[in-house]
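Protein chains in written order, with our numbering: chain A, 3 to 160; chain B, 79 to 375.
Put into structure tokens, the structure is as follows:
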């Protein structure tokens with residue numbers, strides 16, 4: 003299946019391949035995965051894609067992305083596909099869905115929310131709509147939209 | 079129901095049971111229902127009537143009361159976080175009534191606490207026990223809450239009683255709810271999106287005042303406006319005076335969670351529509367009923 007272009011990077015024996023990441027978002031996806039300096043990772047950015055024009059790909063050796071991480075990836079890379087590899091074979095294709103609950107990743111935009119004012123209060127958001135993406139703070143009911151979520155996860159970069 | 083954090087914690091059945099208990103507690107002032115129990119009043123933010131009415135409600139039920147009525151002079155001033163204060167209060171009490179300046183503080187406290195938490199106001203978020211008092215007053219005057227037209231007027235954005243009342247009304251079938259406010263103080267969109275009854279936002283009460291059965295007045299606070307001249311302009315157009323009352327239905331009622339400043343002129347106090355003092359008189363029996371219900375479950 004691999005095209006010549008994808009062969010820049012060798013196949014991995016065990017781990018995860020995250021494909022169809024919107025071009026330029028791979029670095030942010032890595033942020034969610036909290037990779038270590040010693041991890042073996044292949045990062046391919048802005049390669050041609052039939053479906054998407056351009057896309058990014060990440061291959062991580064010896065790490066299987068779990069359900070929670072997969073769902074968080076949807077927040078910034080909704081088109082991504084995640085394949086778990088064991089002994090060079092795809093053993094699982096993870097179906098991505100936007101998480102119902104996001105804990106500790108997004109901050110509440112309401113400065114008077116308890117989550118911004120108590121060291122122990124962790125922000126928790128529940129999904130109230132997928133298209134357009136909207137999430138609500140379970141503590142103060144503040145609703146944040148996709149652009150705010152992106153802004154927070156991606157930081158100041160565009 | 080272990081905790082009462084939001085009006086959403088109450089079903090219609092809960093409201094009806096509380097109303098029934100409150101009827102009883104208006105006649106029987108002293109009951110020994112909570113004898114041996116301790117109610118902690120944790121008011122991190124100052125309050126007069128909510129604090130006193132919960133205090134009186136707990137005493138009437140035979141409970142002991144401990145607590146503080148402002149953060150001043152407590153370990154909170156030394157920088158103790160809310161979670162630690164709640165853990166500490168868990169050692170001394172069987173239920174905590176709390177008021178706090180931050181939105182969502184009561185829900186957070188409930189997650190930490192081993193004893194029930196009753197939200198007596200968290201920032202600009204909710205104040206559910208006030209809504210029970212509000213709707214009880216409506217019920218006492220009309221015998222029902224269903225089928226009535228409500229008008230909420232004033233600051234609908236920052237007034238926590240508004241959020242709680244709008245949510246409490248989802249448990250009933252109001253005919254219509256008018257939300258009357260200056261555009262900069264209109265009700266929160268996220269609250270409006272949840273409502274299951276017809277409502278409309280209007281800026282001029284003259285359009286709707288003759289239709290309203292229950293006019294619920296909230297104070298417009300100066301500090302909500304970036305510039306004082308804008309506040310002065312708005313303030314004038316949302317004062318309830320006799321001229322306004324003369325346009326209202328004969329059987330309509332005016333409610334206010336109090337304290338009022340000048341949003342209802344004193345001349346209105348003597349009109350048959352003015353029910354805000356009656357409303358305030360229900361604070362103790364309703365809070366007795368709520369405490370009884372929580373301990374009963």
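Positions of the beta carbon are idealized from the N, C-alpha and C atoms, including for glycine. Predicted model only: the values in this text are computed from it and were never measured.
- Residue 185(B) reaches chain A at 116, 140, 141 and 142, counting residues in chain order whose Cβ is nearer than 9 Å.
- For residue 88(A), the enclosing beta strand (DSSP E) stretches over residues 83 to 88.
- Look at residue 160(B) here: in three-state DSSP terms it is helix.
- If you draw a 10 Å sphere on the C-beta of residue 31(A), you find 16 or more other C-beta atoms in it, and that means buried.
- Under a 10 Å Cβ-count criterion, residue 214(B) is classified as buried, with 16 or more other Cβ atoms of the shown protein chains found around its own Cβ.
- Short of 7 Å from the beta carbon of residue 111(A), and not among the five residues preceding or following it, lie these beta carbons of its own chain, in chain order: 144, 146 and 150.
- Under the 7 Å criterion on CB atoms, residue 102(A) is classed as non-interfacial with respect to chain B.
- In the structure shown, residue 140(B) adopts coil according to DSSP, grouped into three states.
- Using a Cβ-Cβ cut-off of 9 Å, residue 11(A) is close to nothing in chain B; its nearest Cβ partner there is about 45 Å away.
- At a cut-off of 4 residues, the continuous stretches assigned as alpha helix (DSSP H) that sit fully inside the region 185 to 243 of chain B are 206 to 220.
- Within the region 4 to 82 of chain A, the runs of alpha helix (DSSP H) that reach at least 4 residues and sit entirely inside it are, in chain order, 28 to 35 and 69 to 78.
- With its beta carbon at least 7 Å from every one in chain A, residue 120(B) lies outside the interface.
- Pairing residue 152(B) with residue 236(B), the inter-Cα distance amounts to about 27 Å.
- Sixteen is the threshold: when 16 or more other Cβ atoms of the shown chains lie within 10 Å of the Cβ of residue 297(B), as they do, the residue is buried.
- As the crow flies, the alpha-carbon of residue 190(B) is around 40 Å from that of residue 60(A).
- If you draw a straight line from the Cα of residue 250(B) to the Cα of residue 220(B), it is about 14 Å long.
- Distance between residue 46(A) and residue 154(A), taken at the CA atoms: about 24 Å.
- By the CB criterion at 7 Å, residue 88(A) and residue 38(A) fall outside the cutoff.
- Proximity to residue 223(B) across 85(B), 205(B) and 90(B) peaks at 90(B), based on C-alpha coordinates.
- Residue 34(A) holds the alpha-carbon nearest to the alpha-carbon of residue 68(A) among 108(A), 22(A), 34(A) and 119(A).
- Only 159, 160, 161, 162, 178, 179, 180, 181 and 182 from the region 148 to 182 of chain B bring a Cβ to less than 9 Å from some Cβ of chain A.
- Within the DSSP bridge table, the entry for residue 116(B) names 142(B) as partners.
- Under the three-state reduction of DSSP, residue 330(B) is assigned to coil, being neither helix nor strand.
- Straight-line measurement puts the Cα of residue 76(A) at about 15 Å from the Cα of residue 105(A).
- Leaving aside the five residues that flank residue 125(B) on each side, the residues in its chain whose CB is nearer than 8 Å to its CB run, in chain order, 147, 177, 198 and 199.
- One finds nothing in chain B with a Cβ atom closer than 9 Å to the Cβ of residue 25(A); even the nearest lies about 34 Å away.
- Taken in chain order, the whole beta strand (DSSP E) runs of length 3 or more contained in the region 261 to 333 of chain B are 277 to 280 and 292 to 295.
- Inter-segment contact for the region 94 to 101 of chain B and the region 165 to 179 of chain B is absent: fewer than three beta-carbon pairs are separated by less than 8 Å.
- Pairing residue 105(B) with residue 113(B), the inter-Cα distance amounts to about 19 Å.
- Residue burial annotation: residue 185(B) is buried, with at least 16 other C-beta atoms found within 10 angstroms of its C-beta.
- Taking a contact as a CB-CB distance under 8 Å, the pair residue 139(B) and residue 129(B) does not count as one, their CB atoms being some 16 Å apart.
- Residues of chain A with a Cβ closer than 7 Å to the Cβ of residue 205(B) do not exist; the shortest Cβ-Cβ separation is about 14 Å.
- By the neighbour-count criterion, in which 16 or more other beta carbons inside 10 Å mark a residue as buried, residue 307(B) falls on the exposed side.
- Chain B has a Cβ within less than 7 Å of the Cβ of residue 119(A).
- In the displayed model, residue 99(B) falls within a helix according to three-state DSSP.
- The C-alpha of residue 231(B) lies about 42 Å from the C-alpha of residue 99(A).
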